[in-house]
Structure formats: structure tokens, C-alpha cells
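Enquirer: Okay, so the sequence shown: first residue is 289 according to my numbering, each after it adds one. To start, I am sharing the structure in question, which I have written as C-alpha cells.
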Amino acid sequence: DIYRQLLEHGDEIGLATVYRVLTQFEAAGLVLKHNFEGGQAVYELDRGGHHDHMVDVDSGKIIEFESHEIEELQRKIAADHGYELEEHSLVLYVRKKRK
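Put into C-alpha cells, the structure is as follows:
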């Protein structure tokens, strides 16, 4: 998407350059990289807040969401097993309900 927008804007830049810059931004903590099933990689700005993702299996659309209940349950599960939660990644693969 970033590469496509640069081309539409008239910027002449190679795809390898875009990936190289994104990798540098990731190393600097400016962006987060998410790898979803099917090899899809998505970069987003690191705004410091945690959120999870849903992926529509039909369209590939990625939906961000926050749930305090899910966050608390994950901390509880870790604690019940004698651990403290450091980090996690939750991706729900979803399909629109049929009416």
C-alpha cells in the first residue's frame, strides 16, 4: 500500500528501498510489523497502545480492536500458570455472518 501510494504520488522509488526503510523504522521502534497467515506482512505506526487484530478471511481486511476483558483474561491465565504476561499477539480470523 505504501509503495502504491508513492507511485500514485509520482515518486520514483524502488520496492526494495521501501522495504529497507520499513525495516529500519521497525528496528528504531517507529513501526510494528505484523505477519498474518498467507505471508501477509503489515506495518503500522507504533503509537504505544496495545490492540489486537481480526482478519476477514474473505476480503483480507484487517480490523483493529481493543478489549479490556480479553487483556485481563490473558493476564489471569498466565498468573494461574505461575507466570507474568510480558507480551502477546492475538489475531482472530473471521468471516461475516450470513443473515
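All residues carry an ideal CB built from backbone N, CA and C; glycine is no exception.
Ends of the beta strand (DSSP E) at Tyr-331?
Expert: The residue you call residue 331 lines up with position 43 of the sequence shown. From DSSP, the beta strand (DSSP E) with Tyr-331 extends over 328-333.
Enquirer: I'd like the list of long-range same chain contacts for Glu-332, defined as Cβ closer than 6 Å, with 5 residues on each side in sequence excluded.
Expert: Here residue 332 refers to the residue found at position 44 when the sequence shown is read from its first residue. Counting only Cβ-Cβ distances below 6 Å, and skipping sequence neighbours, we find Leu-320.
Enquirer: What's the C-alpha gap between Ala-315 and Arg-308?
Expert: Against the sequence shown, residue 315 aligns to sequence position 27. Against the sequence shown, residue 308 aligns to sequence position 20. Roughly 11 Å between the two C-alpha positions.
Enquirer: Where DSSP assigns a beta bridge to Glu-352, which residues make up the other side?
Expert: If you number the sequence shown from 1, residue 352 lands on position 64. Beta-bridge pairing links Glu-352 to His-341.
Enquirer: Counting C-beta neighbours from all protein chains within 10 Å, is the total for Val-343 16 or more, i.e. buried, or is it exposed?
Expert: Position 55 of the sequence shown, counting from 1, holds the residue named residue 343. Classification for Val-343: buried.
Enquirer: Grab me the residues of Tyr-291's own chain with a C-beta within less than 6 Å of its C-beta, minus the 5 sequence neighbours each way, in chain order.
Expert: In the sequence shown, residue 291 corresponds to position 3, counting from 1. Cβ within range, chain order: Leu-303, Val-306.
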